[in-house]
Amino acid sequence: MRMVAMATLALLGCKSHDEEATSVRASEPAAKAAPAVGKPALRGGIRREPRAYFGVIVPAGTKPEACEAIATKAAKASTFELILRRTTPAEIGWNTTPKVMFDEDLIPAGEREAIDKATVAIGLVTKSTVEDATLAHRVAEAALKVAEACHGWVIDVDVRRVITRATLAERVPGTTFLAPKMLTIHKVSGDNELGFLDTAGLVRLGLPELLVANVPASQGVAVNLLLNTTAQTLVDRRDLTRDGELDVDLATFAGNWGLEDIKARGGTGKITWNVRWSTPPHEDGDPVLELYVPGAEPTVALVAAIEKYDGANEDKVQNLDFQPELDSAAVQARAALGALRTRFAKGVPYNERLSIKAPFATDHDNVEWMWVDVFMWKRDAIEGTLGNTPDDVKALKLGSKVKVKFSDVADFIHRHGDGTNAGGFSFDVMRKHGIDVPPLSEM
């Protein structure tokens with residue numbers, strides 16, 4: 431099973447599968463036919479029915495019937511169909527792995543303990559047959575009324591986030607939409623495969639979620655930022671640029687989206703995605719729009735497009751003349767890395783990163799040492815994507831998939847989920863010889 435940084439939850443409350451679900455409006459409209467997976471998405475063909483799902487966790491000791499009565503009253507006062515269902519905190523995302531997100535100090539520790547004791551939640555689910563950008567906002571308002579009357583807590587199930595009255599305008603789409611605040615981006619990795627990133631929250635605006643596959647570990651942050659700008663573009667345009675393509679250009683954005691910093695790094699702030707329908711990462715999800723850059727090597731094409739958009743990092747080649755000391759450091763590094771072998775037996779956990787330093791034969795009978803972002807380690811074979819731009823190995827490019835023998839590894843960097851790092855044995859030797867090497871956290 432793959433390991434997920436922030437998993438979405440499929441829409442619940444369908445009347446045909448839940449005897450306790452009740453509706454105070456007309457029956458749900460029939461779903462549109464699913465698009466053909468693998469085919470380019472077409473202009474005018476990506477819109478879907480907006481829908482939203484919020485849950486209210488009922489405090490332990492409070493009768494859920496009383497809260498349901500309040501929810502029914504709120505539903506009858508609404509101008510849209512609202513389906514109510516009794517469920518559990520776990521089903522709407524609380525106290526699961528990974529857990530629901532909450533802003534710092536949004537829920538005091540004592541209240542979190544109270545939520546952990548709760549056993550009942552009320553789901554408020556809706557969808558619309560017409561374009562309705564404020565649907566999620568209005569459902570959230572109804573959920574907050576129920577929570578305030580029952581002294582409960584609201585979970586935004588679509589993006590797995592706690593919502594309070596204070597954060598409603600900032601976190602839930604209403605008259606405006608701001609992707610970095612109103613979307614959740616999941617990072618999925620493990621199972622000895624390259625990871626992918628996808629969005630959660632566009633469904634509330636009647637748009638498919640987005641997915642980028644084959645993402646090297648070193649590009650996770652960049653793709654995260656790109657998904658935000660791409661989602662914002664799609665929401666603002668309400669459609670693709672052309673059949674099978676979506677242009678993103680930060681110069682067209684209002685406000686500060688970092689374009690000046692990008693230009694200072696030599697980037698353009700522009701990218702053109704190819705867009706096709708893909709199967710959802712979650713079993714019961716709807717088809718998603720996969721964003722990709724065409725090329726013989728998907729990882730290389732993606733990294734090249736990111737560098738053009740964001741600007742390329744300087745990649746220096748250094749010739750070192752203290753190889754015996756580096757060889758001794760490599761022995762220590764392999765011993766430390768070997769002790770972690772079982773940790774990576776099923777791939778690199780979603781909230782960690784493993785990079786190794788390995789030798790590659792150059793075109794002129796030398797050796798070029800480069801870093802590799804690992805996604806698979808089986809027996810003596812380690813596979814990953816190249817994290818450096820080769821200086822004298824024409825057959826490889828930044829982002830190329832490569833295979834390395836464990837016995838050839840000279841160093842490693844292990845980034846833990848808590849932000850700490852291990853490894854970097856060769857850096858200690860380089861610093862000893864007066865070479866300025868940044869700390870592991872900046873590598």
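In case it helps, this note's numbering puts the sequence shown at residues 431 to 873. For each residue, glycine too, the CB sits at the ideal point set by N, CA and C. Remember, it's a predicted structure, so these values are computed and weren't measured experimentally.
Contiguous beta strand (DSSP E) elements confined to the stretch 713-780 occur at 718-722, taking only those with 3 or more residues.
DSSP places D628 within a strand segment (E or B) once states are collapsed to three. Annotation: the continuous alpha helix (DSSP H) that includes K503 extends over P494 to K506. Residue pairing for H846: DSSP places it in no beta bridge.
Here H616 carries a strand assignment [DSSP, helix/strand/coil].
In the DSSP assignment, L784 falls within the beta strand (DSSP E) that extends over R783 to A791. Distances from the CA of G604 to each of T629, A570 and W583 were compared; the closest alpha carbon is that of A570. Taking a 10 Å sphere around the C-beta of L750, we find fewer than 16 other C-beta atoms and assign the residue as exposed. Counting of Cβ neighbours within 10 angstroms places D866 among the exposed residues, the total staying below 16. One Cα belongs to L554, the other to Q662, and the distance between them is close to 26 Å. Taking one beta carbon from each stretch, the stretch 634-651 and the stretch 490-506 have fewer than 3 pairs nearer than 8 Å; the two do not touch. Note: D679 is bridge-paired with K700 in the DSSP secondary-structure output.
For G853, the three-state secondary structure derived from DSSP is strand. Assignment of I476 by DSSP, reduced to helix, strand and coil, places it in the coil class. Per DSSP, the unbroken beta strand (DSSP E) holding T556 starts and ends at V550 to K557. Per DSSP, G485 lies in no alpha helix (DSSP H) segment; the continuous beta strand (DSSP E) that holds it begins and ends at R481 to V488. The Cβ atoms of W799 and K808 do not sit closer than 9 Å to each other. For R809, there is no enclosing alpha helix (DSSP H), as DSSP marks it with neither H nor E.
By the neighbour-count criterion, in which 16 or more other beta carbons inside 10 Å mark a residue as buried, N818 falls on the buried side. Around the beta carbon of H616, 16 or more other beta carbons lie within 10 angstroms, which makes this residue buried. Straight across, the Cα-Cα distance linking R634 with A760 is about 52 Å. For V723 and T702, the gap between their C-alpha atoms comes out near 8 Å.
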